[in-house]
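Accompanying notes for the structure given below.
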Ligand code: ADP
Ligand code: ASP
Ligand code: MG
């Protein structure tokens, strides 16, 4: 069986017009004699009746008190509504199909409700339905524990459903259909002239995704990388081939187009708080007590910089008050800058390339953007900026590195 997994995101299934496009892509794959698994997200975005954000606000109607197990039950409904809707569209057009929930499709997770990890996929039932000639519609974003409890995979988790199923079924491709033409050099909602990348490696895509390019979930890319399943990120509204995410050896980049450095994009993570703690000289072990206390309370810290008399790090804004209270309990005084954004310049082989940081600071200084903190790795340089400077910073960096001209075609 030649199998393709097609995943349609929330906006792709939101309106009757968009669902006609879903039908079009399904018909096209069937005409090419593929067996087809279609993974769907909940319909629409914030404000739409059955969108995940809407379900989330229903779950909070009595405050943040809902138990995680019950929250997962509620959150899983959006994808079920969407799958049943697509099913009736296909039935109307005489395309034989069946809907399976994540659990029925064999997606087994651990019991970390609201952010569960897939531990195994048993594709037996999906295969059986494909053999019967059905288009198998699977509800994204959800799985089931070995005890039969419904779990969800964390926001954006339908991408993970698609690649996990693609891997288990040895699919030829996993197509991620969304509302942009492919992976771009920056979020096109922020940078109008962002360029579309024709091909990216799994590693490049992982870097972009982990640094905030939410077009595809990082876990989905990891699974595809481990199992070498090619992903195509494409627009539901067009027939363009989108961006191929694959292994380096399959990517043919002519030498003339290999750039001076291999920066491929700018990403952002808004809504983080910088915490700074200063002490007098001669105090020992206080850094250990701070990081240990954060870990004990399950607060993940990022962007850490440690000096003898000062530490700085970031936490998500919604954990800032809790973090500050913990630090005060240790007898220390935290200084908080809320609403910051981590902006990342992502590529490969950045470390050791002279001039990259110089260009970054030049671009930001020209725009009067203050760098609150910076760090670098082999693939990424991060700068922390005030939230109100985020858009300006992303646009300035995109311009400075000429990313609108980037083309690996
Ligand atoms: P879906 O509902 O289809 O899963 P998402 O909203 O999760 O869609 O992801 C698509 C969005 O990702 C786009 O609308 C775009 O604004 C955003 N995005 C962020 N960074 C990038 C990038 N580098 N390339 C393309 N899209 C990006
Ligand atoms: N509907 C879920 C969300 O909005 C999963 C997804 O869209 O991938 O996070
Ligand atoms: Mg998504």
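Numbering (full-length UniProt numbering), first residue to last: 1 to 409. Glycine included, C-beta positions come from ideal geometry on N, C-alpha and C.
### Task
Would you kindly work out how many angstroms separate the C-alpha atoms of residue 358 and residue 383, rounded to a whole number?
13 angstroms
### Task
Assess, as a yes-or-no matter, whether the stretch 266-286 is touched by the stretch 335-348 under the definition of 3 or more beta carbon pairs within less than 8 angstroms.
yes
### Query
Near residue 168, which residues of its chain fall below 6 angstroms by C-beta distance, leaving aside the five closest residues on each side in sequence?
121 and 123
#### Entry: Sequence-distant residues of the same chain with beta carbon closer than 7 angstroms to residue 45, five excluded per side
10, 11, 51 and 53
### Message
Here's a check: name, in chain order, each residue in its chain whose Cβ is nearer than 6 angstroms to the Cβ of residue 96, leaving out the five neighbours to either side.
### Response
133 and 134
### Task
Could you tell me which residues DSSP pairs with residue 269 in its beta bridges?
342
#### Entry: Per-residue burial, residue 113 [other beta carbons within 10 Å of its own, 16 or more giving buried]
buried
### Task
Report all residues from its chain with a CB closer than 7 angstroms to the CB of residue 319; omit the five preceding and five following residues, and keep chain order.
299
### Task
Quick one: residues in its chain with C-beta nearer than 6 angstroms to the C-beta of residue 401, no 5 flanking neighbours on either side, listed in chain order?
263
### Query
By Cβ distance below 6 angstroms, which residues in the same chain neighbour residue 246 in space, the five residues on each side in sequence not counted?
230
### Query
Going by other Cβ atoms of all chains shown within 10 Å of its Cβ, with 16 needed for buried, is residue 146 buried or exposed?
exposed
### Task
Hey, could you find the ends of the beta strand (DSSP E) residue 386 is sitting in?
380-386
#### Entry: Run of the beta strand (DSSP E) containing residue 12, from where it starts to where it stops
Unbroken run through residue 12: none, as it is neither H nor E.
### Query
Any heavy atom of the ligand ASP closer than 6 angstroms to the Cβ of residue 401?
no
### Message
Just to confirm before moving on: does the CB-CB distance between residue 13 and residue 82 stay below 7 angstroms?
### Response
yes
### Query
For residue 156, is the beta carbon positioned less than 6 angstroms from some heavy atom of the ligand MG?
yes
### Task
Report back the beta-carbon spacing between residue 310 and residue 242 to the nearest angstrom; my notes put them in contact at under 8 angstroms.
Between residue 242 and residue 310 the Cβ distance is about 46 angstroms, and since that is not below 8 angstroms, they are no contact.
### Query
Do the stretch 135-155 and the stretch 30-41 meet, that is, are 3 or more Cβ pairs less than 8 angstroms apart?
yes
### Query
Do residue 410 and the ligand ADP come close, with the Cβ less than 6 angstroms from some heavy atom?
The structure shown has nothing for residue 410, since the chain only spans 1 to 409.
### Query
Taking just the CA atoms, how far does residue 380 sit from residue 347?
6 angstroms
### Query
Could you give the distance in angstroms between the alpha-carbon of residue 286 and the alpha-carbon of residue 108?
42 angstroms
### Message
Let me check you understand the geometry: is the CB of residue 365 closer than 6 angstroms to at least one non-hydrogen atom of the ligand ASP?
### Response
no
### Message
Just verifying my parser: in three-state terms, what is the DSSP assignment at residue 309?
### Response
coil
### Message
Please report the straight-line C-alpha distance between residue 110 and residue 55, rounded to a whole angstrom.
### Response
23 angstroms
### Query
Relative to the C-alpha of residue 211, which residue among 377, 28 and 24 is closest?
377
### Query
So, are the CB atoms of residue 266 and residue 356 less than 7 angstroms apart?
no
### Task
Note down, one range per segment and in chain order, each beta strand (DSSP E) of at least 3 residues found wholly within the stretch 94-129.
97-100, 107-109 and 118-121
#### Entry: 8 angstroms Cβ shell around residue 391 - same chain, five flanking residues per side excluded
190
### Endpoints, alpha helix (DSSP H) assigned at residue 221
218-227
### Query
Buried or exposed: which applies to residue 64, given that a residue is buried once 16 or more other Cβ atoms fall within 10 Å of its Cβ?
exposed
### Message
What does DSSP give as the partner residue(s) for residue 276 in the beta ladder?
### Response
312 and 335
### Query
Looking at the structure shown, is residue 258 part of a helix, part of a strand, or coil, going by DSSP?
Because residue 258 carries a pLDDT of 49, less than 50, the predicted location of this residue cannot be relied on, and no value is offered for it.
### Task
Kindly examine the ligand ASP and report whether one of its heavy atoms sits closer than 6 angstroms to the Cβ of residue 52.
yes
### Query
Among the residues of its own chain, which have a CB less than 6 angstroms from the CB of residue 367, if the five just before and after it don't count?
392 and 396
### Message
Under 6 angstroms: does the beta carbon of residue 10 sit that close to some heavy atom of the ligand COA?
### Response
By its list of ligands, the structure shown excludes the ligand COA, since it contains just the ligand ADP, the ligand ASP and the ligand MG.
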